[in-house]
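This report concerns only the one structure given below.
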Amino acid sequence: MANILVTGGAGYIGSHTCLELLNAGHEVIVFDNLSNGSGESLRRVEKLANNSLDFVQGDIRCQDELDRVFQNYQIDAVIHFAGLKAVGESQQIPLTYFDHNIAGSIQLFKSMQKAGVFSLVFSSSATVYGELNPSPYQEDMPLSLPNNNYGYTKLVIEQMLEKMALADARWSIALLRYFNPVGAHKSGQIGEDPRGIPNNLMPYVTQVAIGRREKLSIFGHDYPTKDGTCERDFIHVVDLAKAHVLALSNRLNNQGCRAWNIGTGAPISVLQIKETFEKVNGVQIPTEFAERRSGDLPAFYADASRAKNELGWQPQYTLEDMLADSWNWQKHNPNGFS
Ligand code: NAD
Ligand code: UD1
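Structure follows, in structure tokens:
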């Protein structure tokens, strides 16, 4: 069992991963500035795991704060979630995104190197496949420039990590390319708690269901897909969290930099999400069709065979589970963690 530093561990995917790490017997140290995460989520993780973790409030852009963590704890590996993730916002304030995501990551990698810690799992995104590749995406496709600044930061960090691993064989790095994480832990105790109006589909749907928003706008219904709405590869956040635990074990025993897609491989349309949500949960989602959203691709989904073959990872949860668990979380926490 290992001591794992989890940057951004108080956020949506981070909190679910901390729980899986504790359940697997690891020691967990969370480093988070709480700009989009919550201390309450960590308290709930501890309760669910019946075990404790350590929390350090700090910012990955601050070298001293990071160095102190590596001095105070004997860290074996890092899972790096911390960063900003709102695509629209990244178009308005690119420099802030470059600062948190790229500069912050560089500070983290410098502190790791200084402390002699070379095992890393990085939160990447399917967005690095850009607009030129056809689905299903495979890890060895040439990457292309994402059409937004958030995606650009993920591509830059991936490329830096590959170059670092080439230059120094001590690095062992997993690039996990997430597709569309949704759902929540079965207990309904932890889940996604976006601040302000949600950008992503699933929190918008659950906020309409609870009455916080009037109706769902489906962006575009004339795409070349089975029902005209966009298709995505939705993945249950607990399956995603488990992929991190497996990637971590793989990296503690291997060298180099390796990418894995984390998706189910099944394209699901936006309309299908609305209709299945209504059926599974017995709630109506008032909906209108709206203009296409700029930058959206008609369809993207994973070829998930590499993660299955190399990590022994396979998603366990169905689409119905994802939608039931998203609703269960929202219903029991109408205002999130606050
Ligand atoms: P989140 O916003 O819930 O979690 C990110 C956490 O990082 C938050 O707790 C926030 O407080 C913290 N943070 C932000 N900037 C920081 C900084 N400078 N220093 C320290 N802490 C900081 O997001 P999430 O959905 O859990 O995503 C986690 C990671 O996965 C992100 O890197 C995101 O880009 C990536 N990702 C997310 C998705 C998705 O759909 N949610 C998809 C692909 C990739
Ligand atoms: C988006 C980002 C991606 C990022 C991911 C997680 C873009 C182009 N891509 O993915 O880089 O990794 O979020 O943060 O922004 N939809 C509606 N109505 C809504 C909200 C969404 O119809 O109110 C539709 C969208 O048009 C899209 C689908 O639902 O077709 C999924 O949208 P979303 O949840 O935002 O994820 P992505 O766009 O796939």
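FYI, in UniProt numbering the residues of the sequence shown are 1 to 338.
Think of the CB as a built atom: it goes at the ideal place given N, C-alpha and C, for glycine as much as any other residue.
When beta bridges are read from the DSSP output, isoleucine 235 appears opposite Pro181. Taking one beta carbon from each stretch, the region 110-124 and the region 165-173 have 3 or more pairs nearer than 8 Å; the two touch. Counting the other CB atoms within 10 Å of its CB gives methionine 112 a total of 16 or more, which places it among the buried residues. With respect to leucine 323, valine 280 sits close: the two C-beta atoms are nearer than 8 Å.
About 43 Å separates the beta carbons of phenylalanine 109 and histidine 221, which is beyond the 8 Å limit, so they are not a contact pair.
Tryptophan 260 is bridged by DSSP to Leu176. Burial of threonine 264 is indicated by the presence of at least 16 other C-beta atoms within 10 angstroms of its C-beta. The beta-carbon distance between asparagine 328 and alanine 184, rounded to whole angstroms, is 7 Å. This is short enough to meet the 8 Å contact definition.
For histidine 80, the enclosing beta strand (DSSP E) stretches over residues 77-80. Residues Asn36 of the same chain have their beta carbon placed closer than 7 Å to that of arginine 195, with the five preceding and five following residues left out of the count. Contact between the region 140-158 and the region 98-107 is present: 3 or more CB-CB pairs across the two stretches fall below 8 Å. By the neighbour-count criterion, in which a residue is buried when 16 or more other Cβ atoms sit within 10 angstroms of its Cβ, asparagine 254 is exposed. The region 34-51 makes no contact with the region 66-73; the number of CB pairs closer than 8 Å stays below 3. When C-alpha distances from valine 270 are compared across Ile197, Phe300 and Asp325, the shortest belongs to Phe300.
The C-alpha of aspartate 168 lies about 21 Å from the C-alpha of isoleucine 4. If the five residues before and after histidine 16 are omitted, its C-beta is found closer than 7 Å to the C-beta atoms of His185, Ile190, Val237, Val238 and Ala241, all from its own chain and listed in chain order.
Within the same chain, Asn261, Gly263 and Gly265 come within 6 Å of alanine 304 by CB-CB distance, once the 5 residues on both sides are set aside. Pairing isoleucine 13 with phenylalanine 55 gives a Cβ-Cβ distance that is not under 8 Å. Threonine 318 and lysine 114 have their alpha carbons spaced roughly 43 Å apart.
Sorting Arg232, Ser187 and Asp227 by C-alpha distance to the C-alpha of methionine 202 places Arg232 at the top.
A straight line joining the alpha-carbon of proline 286 with that of glycine 188 spans about 24 Å. Using a cutoff of 7 Å, the CB of serine 90 does not count as near ligand 1, since none of the ligand's heavy atoms is closer than that. Between glutamate 27 and alanine 2, the alpha-carbon positions lie close to 6 Å from each other. About 12 Å separates the Cβ atoms of isoleucine 79 and leucine 246, ruling out a contact at the 8 Å cut-off.
The beta carbon of glycine 39 lies closer than 8 Å to those of Ala10 and Phe55 in the same chain, with the five residues before and after it left out. According to the DSSP secondary-structure assignment, asparagine 147 is paired through a beta bridge with no residue. Relative to ligand 2, tyrosine 301 has its C-beta separated by 7 Å or more from all heavy atoms. Taking C-alpha positions only, cysteine 230 is separated from glutamate 131 by approximately 14 Å.
Taking the C-beta atoms as reference points, asparagine 180 is found nearer than 8 Å to isoleucine 235. For aspartate 193, the closest C-alpha among the options Gly88, Glu291, His332 and Leu297 is that of His332. Restricting attention to alpha helix (DSSP H) runs no shorter than 4 residues, the region 41-110 encloses them at 63-72, 87-92 and 94-97, ordered along the chain.
Around leucine 143, the same chain offers Val128, Tyr129, Gly130 and Leu155 as residues with beta carbons nearer than 7 Å, after the five sequence neighbours per side are excluded.
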